[in-house]
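See structure below.
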Amino acid sequence: MAQVIAWKVSQIDRFALYLGIRVDLMLEWDS
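Read in order, the letters of the sequence shown are residues 736 to 766 in the numbering used here.
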């Protein structure tokens, strides 16, 4: 069970990182 949770967290973390990068790029293009 712990492995499943760790996998989900890593997936969410990767997704959040990806979204953060996208938002960062959009903000830079906007200014």
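No residue lacks a Cβ here, since even glycine has one placed at the ideal position from N, Cα and C.
It is roughly 27 Å from the alpha-carbon of W742 to the alpha-carbon of L760.
For M736, there is no enclosing alpha helix (DSSP H), as DSSP marks it with neither H nor E. Distance from the CA atom of F750 to the CA atom of D765, rounded to whole angstroms, is 22 Å. Taken through DSSP and simplified to helix, strand or coil, S745 comes out as helix.
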